[in-house]
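Trainee: In this note's numbering, the protein residues as written are 2 to 256.
1. Spatial neighbours of residue 206 within its chain, please: CB distance less than 8 angstroms, with the 5 preceding and 5 following residues excluded, ordered by chain position.
2. State the CB to CB distance for the pair residue 169 and residue 224, rounded to an integer number of angstroms; the pair is presumed to be in contact (CB under 8 angstroms).
3. Classify residue 242 as buried or exposed, calling it buried when 16 or more other Cβ atoms lie within 10 Å of its own Cβ.
4. Nearest by alpha-carbon distance to residue 157: which of 196, 131, 191 and 209 is it?
5. Could you check whether residue 230 and residue 1 sit closer than 9 angstroms to each other, using their CB atoms as the reference points?
6. Measuring alpha carbon to alpha carbon, tell me which residue in 203, 187, 246 and 174 is nearest residue 162.
7. Could you tell me the boundaries of the beta strand (DSSP E) in which residue 93 lies?
8. Measure the alpha-carbon distance for residue 110 versus residue 197 and round it to whole angstroms.
9. Specify the secondary structure class of residue 207 as computed by DSSP and reduced to three states.
10. Can you name the start and end residues of the beta strand (DSSP E) that residue 236 belongs to?
11. What is the C-beta distance between residue 247 and residue 184, in whole angstroms, given that I count them as a contact (C-beta under 8 angstroms)?
12. Assuming residue 147 and residue 135 are in contact, meaning their beta carbons sit under 8 angstroms apart, how far apart are those beta carbons, in whole angstroms?
13. Ignore the nearest five residues each way along the sequence and tell me which others in residue 160's own chain have a CB closer than 6 angstroms to its CB.
14. Short of 7 angstroms in beta carbon distance, which residues of its chain neighbour residue 83, apart from the five on each side in sequence? Order them along the chain.
15. For residue 281 versus residue 193, is the C-beta distance shorter than 9 angstroms?
16. Pick from 216, 104, 234 and 240: whose alpha carbon is nearest that of residue 125?
17. Skipping 5 residues on each side, what residues in its chain have a beta carbon closer than 7 angstroms to that of residue 132?
18. DSSP three-state call for residue 190: helix, strand or coil?
Rendered as structure tokens:
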């Protein structure tokens, strides 16, 4: 391939790409004659002072070795509670435990010690108000509210919704103004629920809510709240005497 250089070499107004303006060819030839070419190549591959590339180790943390950094990272993951940290607790508290175990069980003692009266009004009641408003407008529960119910109340949500569909919740009232809710369970047993103290006599409430503190409510109380919000409770009037029997646990329903 021939390069036409006649006109551009003589014209100072144009850049000629083949011209060695800096005299690099002559400098390289001079270094090669002096035997310094290999030294120049090796020095050009070394990083300049102050521009060293940092070495990266996936298990290392600043100021620690790789193994120590890995163990430190595991300890931090194992012993930091995000709930306590986000709520302003000191490091002496939130570094002593984790929020949840791998199976989803709550390990945080602060969260586990929240009683029903303080936790339910803060979260669930607002959700139920939103559900009541939406259901009154659209006559259905949107997916986002169903997801929120499942997130807050756990696996009993679907069972509670089944009880709502079966119209299993009855609001029992007496002339004196006393009101209780009775829920017909899947086994055919009638449970009297007390919404004022969030209590149900079913075994699931005693085990999951009271003993293990794994759930906020059982399916029967949740079904009561859902029926109240959706206006789907059955209505029944009983005498004051029979209401006394219901509250004392000696009767389930007025004949």
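Cβ coordinates follow ideal geometry from the N, Cα and C atoms, glycine included.
Mentor: In short, the structure shows the following:
1. Result list for residue 206: 200, 218, 219, 221 and 222, in chain order.
2. Indeed they touch by this definition, with Cβ atoms about 7 angstroms apart.
3. exposed
4. Nearest of 196, 131, 191 and 209 to residue 157, Cα basis: 209.
5. The structure shown has nothing for residue 1, since the chain only spans 2 to 256.
6. 187
7. That residue, residue 93, is in no beta strand (DSSP E); its alpha helix (DSSP H) goes 92–95.
8. 26 angstroms
9. helix
10. 235–238
11. About 13 angstroms separates the CB atoms of residue 247 and residue 184; that is not less than 8 angstroms, and the two are not in contact.
12. Not quite, the Cβ-Cβ distance comes to about 11 angstroms (not below 8 angstroms), so this is no contact.
13. 220
14. 100
15. Since the first residue of the chain shown is 2 and the last is 256, residue 281 is not available in this structure.
16. 216
17. 142, 146 and 230
18. Coil, per DSSP.
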